[in-house]
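Student: Numbers in my numbering are just positions in the sequence shown, counted from 1, shifted up by 134. A virtual CB, placed ideally from N, CA and C, is assigned to each residue, including glycine. The structure presented is a predicted model; accordingly, all values stated were derived computationally and were not measured.
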Amino acid sequence: MAFSVIAKDAALDHGYKASLLSLPSELYISEQVSVIDPGFIRSARDTLRQGLARQLLEPLKRLDGELRAAANAPYSPDPLSTGRRLLANLVQHYLALAGALSAEELLVRFTAVSNMTDRMALLSTLIEFQGPQTQEALERYFHQFQHHDLALDKWFAVQVTIPSDQALTTVRSLMHHPKFDVSNPNRVRSV
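Laid out in structure tokens, this is it:
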């Protein structure tokens with residue numbers, strides 16, 4: 135399988151490897167077909183992501199160990215560090231999909247990270263679990279960033295990505311949140 139070769143190739147740049155291991159978005163897929171069936175697209179993509187995560191479990195675990203060892207370095211926006219973060223966050227997501235990372239482990243990682251990119255990636259992954267750890271991470275994030283508009287927009291936006299029948303209920307609830315402001319275009323766009 136080509137994905138396995140890519141995951142194991144230590145010579146590949148981290149950012150390039152992350153791009154190669156990423157699946158197309160639901161939006162991109164819907165733009166490629168003449169009849170759009172959002173439920174089918176989501177289901178097919180989720181099945182493929184989970185199958186890929188299980189198939190690549192061992193190389194992903196190795197990558198996760200290597201990338202976490204390098205994660206203690208101070209934040210840097212340079213291309214190599216950006217690529218490392220991109221790959222590390224993708225690997226964490228796949229490991230969570232395969233059941234190799236629990237919601238508890240994701241919450242521990244969420245609590246330990248020191249930059250917004252990693253924090254949002256972990257929060258996005260936790261959103262898929264919809265357990266008490268998800269709620270705890272959302273509360274911690276809100277408490278830390280409630281006075282930072284851009285960060286708060288991200289907090290609103292990540293919650294509406296819930297892959298469940300409760301998405302509309304979540305949107306309605308967020309629109310009644312004290313920090314939701316209909317006169318703020320970015321806030322409106324986030325939900």
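(1) Does DSSP put residue 170 in a helix, in a strand, or in coil?
(2) I think residue 262 touches residue 297, with their Cβ atoms under 8 Å apart; what is that distance to the nearest whole Å?
(3) Terminal residues of the continuous alpha helix (DSSP H) containing residue 144?
(4) Taking residue 258 and residue 295 to be in contact with their CB atoms under 8 Å, please state how far apart those CB atoms are, rounded to whole angstroms.
(5) Going by alpha carbons, who is nearest to residue 291 out of 279, 325 and 168?
(6) From residue 278 to residue 192, what distance separates their C-alpha atoms?
(7) Taking the Cβ atom as the reference point for each residue, do residue 157 and residue 194 lie within a distance shorter than 8 Å?
(8) With H, G and I counted as helix, E and B as strand and the rest as coil, what does DSSP make of residue 290?
(9) How would you call residue 175, buried or exposed, if buried means at least 16 neighbouring beta carbons within 10 angstroms?
Tutor: Result, derived from the coordinates:
(1) coil
(2) 6 Å
(3) Looking at the DSSP string, residue 144 is not in any alpha helix (DSSP H), and its letter there is neither H nor E.
(4) 7 Å
(5) 325
(6) 35 Å
(7) no
(8) helix
(9) buried
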